[in-house]
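Visitor: This is the structure, below, for whatever I ask next.
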Amino acid sequence: MACSTMFTIDPSYDSDSFDGKGTECSPRAVDESIADFESGSDCTPCGSPEEVRGLRLVTYNIHGWRDTDHMDNLERIIVLLRRLKPDVIALQEVLHPYRPPANPVANKDYFQRVKAGKGNGYRCVDAENSASADGRPYLDILADELDMKHVSFGRATSDGYFGNFGYGNAILSRFPIKSEEHHVFKPDERHQAGRRIEAEDRCLTSVRLGGEADGLTFCVTHLDQLSDELRLEQVESALKALGRLGAHVLCGDLNVFQRRDQPDARWARVLDDAASKGW
57 MACSTMFTID PSYDSDSFDG KGTECSPRAV DESIADFESG SDCTPCGSPE
107 EVRGLRLVTY NIHGWRDTDH MDNLERIIVL LRRLKPDVIA LQEVLHPYRP
157 PANPVANKDY FQRVKAGKGN GYRCVDAENS ASADGRPYLD ILADELDMKH
207 VSFGRATSDG YFGNFGYGNA ILSRFPIKSE EHHVFKPDER HQAGRRIEAE
257 DRCLTSVRLG GEADGLTFCV THLDQLSDEL RLEQVESALK ALGRLGAHVL
307 CGDLNVFQRR DQPDARWARV LDDAASKGW
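Numbering (the working numbering), first residue to last: 57 to 335.
This is the structure in structure tokens:
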């Protein structure tokens with residue numbers, strides 16, 4: 057497979073990090089100095105520099121279409137992603153089909169319930185009506201606003217922390233999607249004991265692209281945020297699925313902050329952020 061220059065952002069970036077003005081608000085923020093790098097020896101560019109086209113990949117945890125204060129942030133997500141000008145986007149914590157209640161009272165009730173940890177089982181009837189009639193699901197709006205018509209959604213659960221919506225990963229692409237796979241990882245019941253948030257089903261989504269990106273395979277997943285043991289089990293399940301795909305790029309929210317991977321100042325900010333949330 058021929059590869060060229062790629063563009064990278066912090067793979068742990070999420071919607072909590074952006075305030076809509078390009079200001080970094082969290083240690084999980086995007087690296088503003090988006091850097092390019094030459095690929096390794098296994099991916100040798102072919103042809104002249106003029107013939108080799110770079111591809112920009114963005115991975116982004118959108119936290120159920122809301123910021124850390126549980127305020128709707130679809131517009132901020134659109135603004136940020138437009139600025140990054142990606143070719144492929146790997147999203148985590150995607151609700152689909154999803155549109156919050158249009159009625160102000162129902163809207164406030166929904167967001168307050170979720171923020172209080174009582175979203176499980178909550179059905180937004182008003183949201184379902186608006187999504188099927190007058191409004192479109194947020195994922196469809198995002199794809200249209202970014203002119204990325206090729207979309208794959210992998211559902212891990214149909215009900216959870218954010219309510220009775222499909223929940224999982226999505227990949228948006230400027231290139232046609234030739235094929236896709238979705239693998240759901242279900243946690244053993246023993247992992248539910250002693251947790252402040254339930255251990256959820258998680259999903260691995262992969263797409264094989266066509267067009268100018270013909271043959272390239274991109275994968276996205278979202279690992280458990282609390283248990284190293286469960287994360288390792290999810291990794292083992294993912295590796296079995298990935299082993300059948302051939303060459304691929306895997307990205308997503310892996311929920312791992314290792315001290316050895318961070319400079320002192322950044323690690324201090326990670327700890328401050330966690331302490332502010334009582335983690």
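All C-beta atoms in this analysis are idealised placements derived from N, C-alpha and C, irrespective of residue type, glycine included.
Are the stretch 159-177 and the stretch 138-148 touching by the rule of at least three beta carbon pairs closer than 8 Å?
Guide: Short answer: they don't touch.
Visitor: So is Q290 buried or exposed if we call it buried at 16+ other beta carbons inside 10 Å?
Guide: Indexing the sequence shown from 1 puts residue 290 at position 234. That one is buried.
Visitor: Return the CA-CA distance between Y116 and G224, expressed in angstroms with no decimal places.
Guide: Working through the sequence shown from its first residue, we reach residue 116 at position 60. Working through the sequence shown from its first residue, we reach residue 224 at position 168. Their backbone Cα atoms lie some 13 Å apart in a straight line.
Visitor: How many Å lie between G210 and S235 at the Cα?
Guide: Counting from one through the sequence shown, the residue named residue 210 turns up at place 154. Counting from one through the sequence shown, the residue named residue 235 turns up at place 179. Cα to Cα, the separation comes out at about 13 Å.
Visitor: In terms of DSSP beta bridges, what is C180 paired with?
Guide: As a first step, residue 180 is located in the sequence shown; it is residue number 124 there, counting from the start. C180 is not bridged to any residue.
Visitor: What ranges does the beta strand (DSSP E) occupy inside the stretch 231-290, keeping only unbroken runs of at least 3 residues that lie completely in it?
Guide: Listed in chain order, the complete beta strand (DSSP E) runs (minimum 3 residues) inside the stretch 231-290 are 233-241, 258-265, 273-278.
Visitor: Pull up the distance between the alpha-carbon of W323 and that of G191, whole angstroms please.
Guide: Looking up residue 323 in the sequence shown gives position 267. Looking up residue 191 in the sequence shown gives position 135. Looking at the two C-alpha atoms, the distance is approximately 42 Å.
Visitor: Name the two residues that bound the continuous alpha helix (DSSP H) containing D317.
Guide: The count along the sequence shown starts at 1 and reaches residue 317 at position 261. That residue, D317, is in no alpha helix (DSSP H); it is neither H nor E in DSSP.
Visitor: Could you tell me the boundaries of the alpha helix (DSSP H) in which Y166 lies?
Guide: Start at 1 with the first residue of the sequence shown, and residue 166 comes out as number 110. Start and end: 160-171.
Visitor: Is I118 helix, strand or coil by DSSP?
Guide: Taking the sequence shown and counting its residues from 1, the one referred to as residue 118 is at position 62. In this structure, I118 counts as coil in the three-state DSSP scheme.
Visitor: Report the three-state DSSP secondary structure of R211 (helix, strand or coil).
Guide: Counting from one through the sequence shown, the residue named residue 211 turns up at place 155. It is a strand residue.
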